[in-house]
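Heads up: the sequence shown begins at 99 in the numbering used here, then just goes up one per residue.
Beta carbons are placed, not taken as given, at the ideal position from N, Cα and C, and that holds for glycine.
What follows is a short report on a single structure.
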Amino acid sequence: MTDGADAAPPAPVGVAGAESRADPEALAAAAERLGPESLRSALGRDPETGRSVRQIQRRTLGVLMATVAVGGAGAGGAFSVVAVLADEITGNATLSGIAAAGMTTGAALTAVPLAKLMARRGRRVGLRSGYLLALVGALLMLLATVVDMYALVLVGMAAVGTGSACGLAARFAVVDLSAAADRARTIGLLVGATTVGAIAGPTLATGPFTAVAGALGLEELAGPFVFSAVVFSLAVLVVDRGLRPDPLLVARRLGGGGDAVRGRGSLLSSLGVIARLPPARLAAAAMMVGQGVMVATMVMAPLHMTDGDQSLRLVGFVISTHIVGMYALAPLVGWATGRIGPTPMIVLGGVISFAGAEIAAHTPPDVAWGMFAGMFAVGLGWNCCLVAGTALFTAAVPAADRVPVQGAADLLMSACGGIGGIAGGVVVAWQDFQFLSHYSGLFGAALAGAATLAYLGNTPGVSRRAPRI
């Protein structure tokens, strides 16, 4: 708490009076009502910089929104042509698919190491290192277009996946200093910012930057990787210069996570924390199911449509609609999660995922409207599961364990996406897209059922009352 000479920011109702009177009973009551982390956010100042927590949090949100927009553009630009590059080098569709899966693989493999680095050194160092590795990956992909080496494509795309891992980690970083009541809204704003990069990235990479590649004496296919290298460099710069002071280190200085992470933070210990906490299990399941259903249906939807002789332009519009469902409504989803609580929003996310997958499953290959509606709904269901799952997970895991356990959750989520993508191809080869979409949707229905039981109080540790998030 600051002394009277400092102009503290406005505190929530019931807190300001307690602060001015330095009344221990009033402060205790405020802590009980708001939660200790929210009280620190309302009243605290960073002892090292003297800035108010609210001021630092506003800066953190702005910096990370810019970072995920830029980083998402870099990942999307590289992903948009990696399969084409791999096919040009190898002439093998299977190897092209493996190369395209490299980004998900890279995100999964680097989630835990990045979390450990953040736990030791802070969010700025971890995110900066991740985007630097993604930059190296983009340069390796650029080199692959020159020397036609498939191994460089695999390694480069896995490194680019680190940029995706950073985007996932940012949604946890953005609430290190957030008041509990603002977490879901803040996460929604961050996820919403990804819309810019997700849509603009492939457009810029395959448009103007093909001309840039030509001006540099490179083939057009190198353009997207030039673009990715440029924007990942920008992401490194934004994080390094903007994320000062580091929100995680400020939280620790204020007592929001201890001076060090409890335990060794190994993957097994982090998974053990998730397994022991019913709310964390539900949150992780929401993120995993949302990711698995989304990836399985999304990667095979274009093939389903082209089997019905629908144009590639129409396929592109469907995927764009799907991306809008994934990201554009995230601020609204975050606001709603803050109003009703994360568990009901997870129920809604599971229902929407199920409904979207069923609509797509009952859409013939030559009909477009069903794919528009179904893929938009699958994207929106993913959005609900991600935002609400992240908010519930952050509230459920103790602060001292939070960072490494967040990395484990992102590993599980990315792994489910990878499994969904691979399984989707296998299932469609065995049966068809309708079969895949129907049974993928059942996972969403199962999630909705489990979250409903939790909301009704049948799962220990998950309150029916909307929790502080």
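| Residue ranges of each beta strand (DSSP E) within the region 419 to 487, 3 or longer | None, since the region 419 to 487 contains no complete beta strand (DSSP E) of that length.
| What is the DSSP secondary structure of residue 150, counted as helix, strand or coil? | By one-based count along the sequence shown, residue 150 stands at place 52. Annotated three-state conformation of residue 150 is strand, per DSSP.
| message | The alpha helix (DSSP H) that contains residue 532, what's its start and end? | response | By one-based count along the sequence shown, residue 532 stands at place 434. Following the DSSP letters along the chain, one finds residue 532 inside the alpha helix (DSSP H) bounded by residues 531 to 553.
| request: Could you spell out where the alpha helix (DSSP H) holding residue 237 opens and where it closes? | output: Here the question's residue 237 lines up with position 139 in the sequence shown. That run of the alpha helix (DSSP H) goes 221 to 245.
| task | Give the straight-line distance between the Cα atoms of residue 550 and residue 449, rounded to the nearest whole angstrom. | result | As a working note, residue 550 is residue 452 in the sequence shown. As a working note, residue 449 is residue 351 in the sequence shown. Inter-residue distance for residue 550 and residue 449 is about 11 Å (C-alpha atoms, whole angstroms).
| field | Local Cβ density within 10 Å of residue 552, reported as buried at 16 or more and exposed below that | value | In the sequence shown, residue 552 corresponds to position 454, counting from 1. Label assigned to residue 552: buried.
| field | Where residue 143 falls: helix, strand or coil (DSSP) | value | Here residue 143 corresponds to residue number 45 of the sequence shown, with the count starting at 1. Residue 143: strand per DSSP, three-state reduction.
| query | Alpha carbon to alpha carbon, how far is residue 427 from residue 350? | reply | Residue mapping note: residue 427 aligns to position 329 of the sequence shown, counting from 1. Residue mapping note: residue 350 aligns to position 252 of the sequence shown, counting from 1. Those two C-alpha atoms are separated by around 32 Å.
| query | Between residue 432 and the rest of its own chain, which residues show a CB-CB distance below 6 Å, the 5 nearest in sequence each way excluded? | reply | Reading the sequence shown from its first residue, position 334 is the one you call residue 432. Closer than 6 Å at the Cβ level, and outside the excluded window around residue 432, lie 282, 283, 285, 286, 485.
| query | With residue 387 and residue 483 assumed to form a contact (beta carbons below 8 Å), what rounded beta-carbon distance in angstroms separates them? | reply | Within the sequence shown, the letter at position 289 stands for residue 387. Within the sequence shown, the letter at position 385 stands for residue 483. Taking C-beta atoms under 8 Å as the contact rule, residue 387 and residue 483 qualify, at a distance of about 7 Å.
| request: Would you mind sorting residue 221 into buried or exposed? The rule is 16 or more other CB atoms within 10 Å of its CB. | output: Mapped onto the sequence shown, residue 221 falls at position 123. With 16 or more Cβ atoms within 10 Å of its Cβ, residue 221 is classed as buried.
| field | Pick from 548, 468, 340, 166 that is closest to residue 425, judged by C-alpha positions | value | Working through the sequence shown from its first residue, we reach residue 425 at position 327. Residue 166 holds the alpha-carbon nearest to the alpha-carbon of residue 425 among 548, 468, 340, 166.
| field | N- and C-terminal bounds of the alpha helix (DSSP H) containing residue 404 | value | Position 306 of the sequence shown, counted from the first residue, corresponds to residue 404. Looking at the DSSP string, the run of the alpha helix (DSSP H) that includes residue 404 is 376 to 405.
| task | Locate the alpha helix (DSSP H) running through residue 495, then write down its first and last residues. | result | Numbered from its first residue, the sequence shown carries residue 495 at position 397. Here residue 495 belongs to no alpha helix (DSSP H), and DSSP marks it neither H nor E.
| Endpoints, the alpha helix (DSSP H) within which residue 331 is located | Locating residue 331 in the sequence shown gives position 233, counting from the first residue. Residue range 321 to 340 is occupied by the alpha helix (DSSP H) that includes residue 331.
| message | Does residue 155 pass the burial test, meaning 16 or more other C-beta atoms within 10 Å, or should it be called exposed? | response | As a first step, residue 155 is located in the sequence shown; it is residue number 57 there, counting from the start. The residue is buried, with at least 16 neighbouring Cβ atoms inside 10 Å.
| task | Taking 9 Å as the cut-off, decide whether the C-beta atoms of residue 534 and residue 459 are in contact. | result | Taking the sequence shown and counting its residues from 1, one reaches residue 534 at position 436. Taking the sequence shown and counting its residues from 1, one reaches residue 459 at position 361. Taking 9 Å as the Cβ cut-off, residue 534 and residue 459 qualify as a contacting pair.
| said: I need the DSSP call for residue 317, collapsed to helix, strand or coil. | reply: To locate residue 317, count along the sequence shown from 1; it is residue 219. In the three-state scheme derived from DSSP, where H, G and I count as helix and E and B as strand, residue 317 is classed as coil.
| Among 400, 509, 375, nearest to residue 364 - alpha-carbon criterion | The sequence position of residue 364 within the sequence shown is 266, counting from 1. Between residue 364 and the set 400, 509, 375, the nearest pair of CA atoms involves 509.
| task | Could you give the DSSP three-state label for residue 192: helix, strand or coil? | result | What you label residue 192 is simply residue 94 of the sequence shown in a count that begins at 1. In this structure, residue 192 counts as helix in the three-state DSSP scheme.
| Sequence-distant residues of its chain with Cβ nearer than 7 Å to residue 469 (five each side left out) | If you number the sequence shown from 1, residue 469 lands on position 371. A distance below 7 Å between beta-carbons, with the five flanking residues on each side excluded, links residue 469 to the following residues of its chain, in chain order: 399, 403, 416, 458, 461.
| field | Residues of its chain near residue 308, where Cβ-Cβ distance is below 6 Å and the 5 sequence neighbours each way are ignored | value | Within the sequence shown, residue 308 is the residue found at index 210, counting from 1. Same-chain partners within the cutoff: 318, 321.
| field | Among 494, 463, 453, the one whose alpha carbon lies nearest that of residue 479 | value | Reading the sequence shown from its first residue, position 381 is the one you call residue 479. With distances taken between Cα atoms, residue 479 lies closest to 453.
| request: Leaving out five residues on either side along the sequence, give the residues of the same chain with a beta carbon under 7 Å from the beta carbon of residue 323. | output: Position 225 of the sequence shown, counting from 1, holds the residue named residue 323. By the criterion of a C-beta distance shorter than 7 Å, residue 323 is surrounded in its chain by 176, 236, 239, 240, 243, once the five residues flanking it on both sides are discounted.
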